[in-house]
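Taking the numbering used here, the leading residue of the sequence shown gets 1, the next gets one more, and so forth. Report on the structure given below.
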Amino acid sequence: MAGFFGGAAKAGEKRIAAFHAEIETALAEAGMGTPKRCTVGQKVVCDGAPDSAAALGRAKLYTELSSRLDLSLVRRPVPDKIDRDHPPPPDFLDEAALTIVVTDGMQASAGGTGGTNVAAACAQGADPGCLTAVLRARADEGFGVWMVGVLLPFSGNHYVERPLSADYFARTAAHVADMNTDPRKVGFTFSVKGPIRTDQAGNGYFPYTGYKPLLILVFSRDVALGRRFVNSLERKLKNAPLRAGTMKPDDSVMTAELAPLDVAPQKIESLTVLPLAQQQAEGIDPPAFAEFRIEGTAPVDDGLSSKFWCGAGGKGLFTVSVKEIGAGTLPPYLVATTQLRIDPKAPFAPVRPAGGVVPVRGESTQFLTGLNCAPLAKGHTELRATVESTIALDATAADAWWNTGKSGWSSEDNWQMPERLYGLDVLVRAMLDRRTARPHPIGTLHVHVQRD
Numbered sequence: 001m002a003g004f005f006g007g008a009a010k011a012g013e014k015r016i017a018a019f020h021a022e023i024e025t026a027l028a029e030a031g032m033g034t035p036k037r038c039t040v041g042q043k044v045v046c047d048g049a050p051d052s053a054a055a056l057g058r059a060k061l062y063t064e065l066s067s068r069l070d071l072s073l074v075r076r077p078v079p080d081k082i083d084r085d086h087p088p089p090p091d092f093l094d095e096a097a098l099t100i101v102v103t104d105g106m107q108a109s110a111g112g113t114g115g116t117n118v119a120a121a122c123a124q125g126a127d128p129g130c131l132t133a134v135l136r137a138r139a140d141e142g143f144g145v146w147m148v149g150v151l152l153p154f155s156g157n158h159y160v161e162r163p164l165s166a167d168y169f170a171r172t173a174a175h176v177a178d179m180n181t182d183p184r185k186v187g188f189t190f191s192v193k194g195p196i197r198t199d200q201a202g203n204g205y206f207p208y209t210g211y212k213p214l215l216i217l218v219f220s221r222d223v224a225l226g227r228r229f230v231n232s233l234e235r236k237l238k239n240a241p242l243r244a245g246t247m248k249p250d251d252s253v254m255t256a257e258l259a260p261l262d263v264a265p266q267k268i269e270s271l272t273v274l275p276l277a278q279q280q281a282e283g284i285d286p287p288a289f290a291e292f293r294i295e296g297t298a299p300v301d302d303g304l305s306s307k308f309w310c311g312a313g314g315k316g317l318f319t320v321s322v323k324e325i326g327a328g329t330l331p332p333y334l335v336a337t338t339q340l341r342i343d344p345k346a347p348f349a350p351v352r353p354a355g356g357v358v359p360v361r362g363e364s365t366q367f368l369t370g371l372n373c374a375p376l377a378k379g380h381t382e383l384r385a386t387v388e389s390t391i392a393l394d395a396t397a398a399d400a401w402w403n404t405g406k407s408g409w410s411s412e413d414n415w416q417m418p419e420r421l422y423g424l425d426v427l428v429r430a431m432l433d434r435r436t437a438r439p440h441p442i443g444t445l446h447v448h449v450q451r452d
């Protein structure tokens with residue numbers, strides 16, 4: 001339980017208690033009972049942890065300079081041999097329908113190796129590289145992962161977890177003073193006070209007044225439950241009287257899904273051979289088209305199956321229709337593109353549109369391709385094409401709330417912008433990269449050709 005909460009509680013213990021009460025109310029609305037609480041500082045403590053929202057509002061509870069968040073989220077290793085009389089404690093996330101971690105952010109970069117190895121990434125502490133590895137590991141295990149950001153008034157010490165020179169502090173003071181001219185921050189008075197203080201580790205800190213973000217991380221294997229809880233919590237926090245100043249609810253409470261980020265479900269709907277006039281318009285000679293005909297299509301478990309008959313010189317074009325049949329969970333800054341992929345060695349005609357398309361919900365998207373039967377051996381041949389969605393980060397991601405832009409909540413360091421979350425963009429982008437790196441299969445087009 002790091003020092004942020006002390007500063008936030010100093011700015012209003014009732015506000016912090018009310019914040020935790022909204023979490024409890026959202027849990028109840030999602031059908032959950034009373035949560036089991038633990039505190040996280042340099043270790044995780046569950047026995048004797050505060051048992052009510054009111055108790056969580058007390059400023060004296062928050063004395064740690066930083067929190068080892070990874071200790072509450074990393075999967076505990078299973079020993080080679082288990083003492084049945086003293087079994088190892090269960091994994092925090094496995095034993096809970098929902099796991100909710102409330103934090104003021106991540107440690108300054110602690111020198112871990114980063115990457116996907118959790119133990120190596122977290123060797124020096126819960127910095128962005130560590131939390132990235134932890135969240136990716138949990139998502140790979142099948143957990144849904146969400147985050148909720150909340151801006152709350154703050155008055156207390158801002159710890160930068162590094163030595164801070166007078167020059168650096170001057171840059172911080174200039175930035176904080178400039179925030180008082182931002183029309184989006186009307187109602188807050190931002191200030192820092194020198195001289196720089198130094199803690200026992202030789203790292204700097206200074207008094208700061210304004211607002212700070214809280215970050216709520218949510219984990220659940222039950223994705224529907226996780227989404228239901230996050231939606232309820234977002235609504236309740238926006239309606240709760242937690243904000244100071246005149247900041248709008250939509251500017252002070254933000255959410256993002258980090259996993260699974262479902263693409264809207266689609267299916268291969270049909271395959272249709274073009275009529276003769278269109279075949280000719282596309283350059284297919286009538287004699288070649290006369291030796292090309294479709295004998296039927298039928299849905300199969302993994303897509304669509306079609307049967308063709310071809311003569312030795314048969315050639316023809318057809319469209320493949322793909323239809324979106326439901327809603328996905330992609331945010332505006334992620335764009336899914338549907339593509340028909342063919343084996344370049346197979347005698348398919350080049351696909352149009354070559355770059356793929358973005359489907360419109362409830363409508364069919366059509367791809368144009370075809371077959372040249374001349375290279376096929378006599379008899380039966382089965383060809384396959386696949387339909388898949390790929391996801392890419394849109395340019396609007398630069399303006400996302402979790403980024404470092406003018407309206408963003410993330411900072412590249414933890415000393416100059418005390419009103420932001422250090423490394424938040426690193427965490428989110430790594431989770432989005434995990435999702436954009438893999439295509440989403442929609443179905444397979446099975447093409448059975450009888451060549452005479």
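Beta carbons are placed, not taken as given, at the ideal position from N, Cα and C, and that holds for glycine. For clarity, every value in this text was computed on a predicted model and none was experimentally measured.
In the DSSP assignment, what residue or residues form a beta bridge with residue i?
{"i": "LYS267", "result": "LYS323"}
{"i": "PHE348", "result": "LEU371"}
{"i": "HIS448", "result": "LYS307, GLU382"}
{"i": "THR342", "result": "In the sequence on display, residue 342 carries Ile and not Thr. ILE342 pairs with ALA385."}
{"i": "PRO299", "result": "LEU304"}
{"i": "THR63", "result": "For THR63, which the question treats as bridged, DSSP gives no partner whatsoever."}
{"i": "SER410", "result": "LEU421"}
{"i": "LEU317", "result": "GLY370"}
{"i": "VAL44", "result": "VAL40"}
Return helix, strand or coil for residue i, following the three-state DSSP convention.
{"i": "TYR477", "result": "For the chain, the structure presents residues 1 to 452; residue 477 sits outside this window and is missing."}
{"i": "PHE190", "result": "coil"}
{"i": "ALA397", "result": "helix"}
{"i": "GLY57", "result": "helix"}
{"i": "GLU382", "result": "strand"}
{"i": "ILE284", "result": "coil"}
{"i": "ILE82", "result": "coil"}
{"i": "MET254", "result": "strand"}
{"i": "VAL176", "result": "helix"}
{"i": "ALA392", "result": "strand"}
{"i": "LEU69", "result": "coil"}
{"i": "LEU274", "result": "coil"}
{"i": "GLN366", "result": "strand"}
{"i": "ALA26", "result": "helix"}
{"i": "ARG293", "result": "strand"}
{"i": "ALA49", "result": "coil"}
{"i": "ALA170", "result": "helix"}
{"i": "ALA312", "result": "coil"}
{"i": "ALA259", "result": "strand"}
{"i": "GLY33", "result": "coil"}
{"i": "GLU161", "result": "coil"}
{"i": "ALA377", "result": "coil"}
{"i": "ALA21", "result": "helix"}
{"i": "ARG76", "result": "coil"}
{"i": "ALA354", "result": "coil"}
Counting only the same chain and skipping the five closest in sequence on each side, list residues whose C-beta sits under 8 angstroms from that of residue i.
{"i": "LYS36", "result": "CYS46, ALA96"}
Which residues in the same chain as residue i place their Cβ atom closer than 7 angstroms to its Cβ, once the five residues preceding and following it in sequence are excluded?
{"i": "MET417", "result": "HIS175, SER411"}
{"i": "PRO439", "result": "GLU388, SER389, THR390"}
{"i": "GLY142", "result": "ARG221"}
{"i": "VAL273", "result": "ILE294, GLY316, PHE318"}
{"i": "PRO163", "result": "GLY202, ASN203, GLY204"}
{"i": "PRO50", "result": "ARG37, LEU56, LEU61"}
For residue i, collect the residues of the same chain with a Cβ closer than 6 angstroms to its Cβ; drop the 5 residues on either side in sequence, then sort them by chain order.
{"i": "ALA2", "result": "For ALA2, the pLDDT reaches just 46, beneath the cut-off of 50, and the residue's location in the model is therefore unreliable, leaving the point undetermined."}
{"i": "PHE367", "result": "VAL320, LEU340, VAL351"}
{"i": "VAL447", "result": "SER306, LEU383"}
{"i": "ILE100", "result": "VAL218"}
{"i": "GLU29", "result": "SER232"}
{"i": "ARG293", "result": "TRP309"}
{"i": "SER270", "result": "SER321"}
{"i": "ARG15", "result": "LEU242"}
{"i": "ALA170", "result": "none"}
{"i": "LEU427", "result": "PRO128, LEU131, THR132"}
Exercise for review: Tell me, please, whether the region 324–339 touches the region 387–402 by the rule of three or more beta-carbon pairs shorter than 8 angstroms.
Suggested key: They touch, by the three-pair rule.
Review point. Can you list the alpha helix (DSSP H) stretches of 4 or more residues lying completely in the region 86–158, in chain order?
Key: List check, alpha helix (DSSP H) in window: 118–121, 128–140.
Review point. Which whole runs of the alpha helix (DSSP H) in the region 412–445 are 4 residues long or more, in chain order?
Key: Within the region 412–445, the complete alpha helix (DSSP H) runs of at least 4 residues are 424–436.
Check your understanding: For the region 181–251, which segments carrying the beta strand (DSSP E) assignment without a break, of at least 3 residues, lie completely within its bounds, in sequence order?
Key -> Runs of the beta strand (DSSP E) inside the region 181–251: 204–220.
Practice item. Could you say if the region 122–134 and the region 238–257 meet the contact criterion of at least three C-beta pairs nearer than 8 angstroms? Key: By the Cβ criterion, the region 122–134 is not in contact with the region 238–257, since fewer than three pairs of Cβ atoms, one from each stretch, lie closer than 8 angstroms.
Check your understanding: At a cut of 8 angstroms, does the region 242–251 reach the region 174–193 through at least three beta carbon pairs?
Key -> Flag = yes, the region 242–251 and the region 174–193 touch.
Exercise for review: Decide if the region 214–227 is in contact with the region 431–444; the criterion is three or more beta carbon pairs, one per stretch, under 8 angstroms apart.
Suggested key: Taking one beta carbon from each stretch, the region 214–227 and the region 431–444 have fewer than 3 pairs nearer than 8 angstroms; the two do not touch.
Exercise for review: Answer yes if the region 315–326 comes into contact with the region 248–265, meaning at least three C-beta pairs across the two stretches below 8 angstroms, and no otherwise.
Suggested key: A contact is defined here as three or more CB-CB pairs under 8 angstroms, and the region 248–265 meets this definition with respect to the region 315–326.
Review point. Do the region 371–379 and the region 270–285 make contact, defined as three or more Cβ pairs closer than 8 angstroms?
Key: Result no; under three Cβ-Cβ pairs closer than 8 angstroms.
Review point. Looking at C-beta atoms only, is the number of pairs between the region 196–213 and the region 81–94 that lie closer than 8 angstroms three or more?
Key: These segments do not touch.
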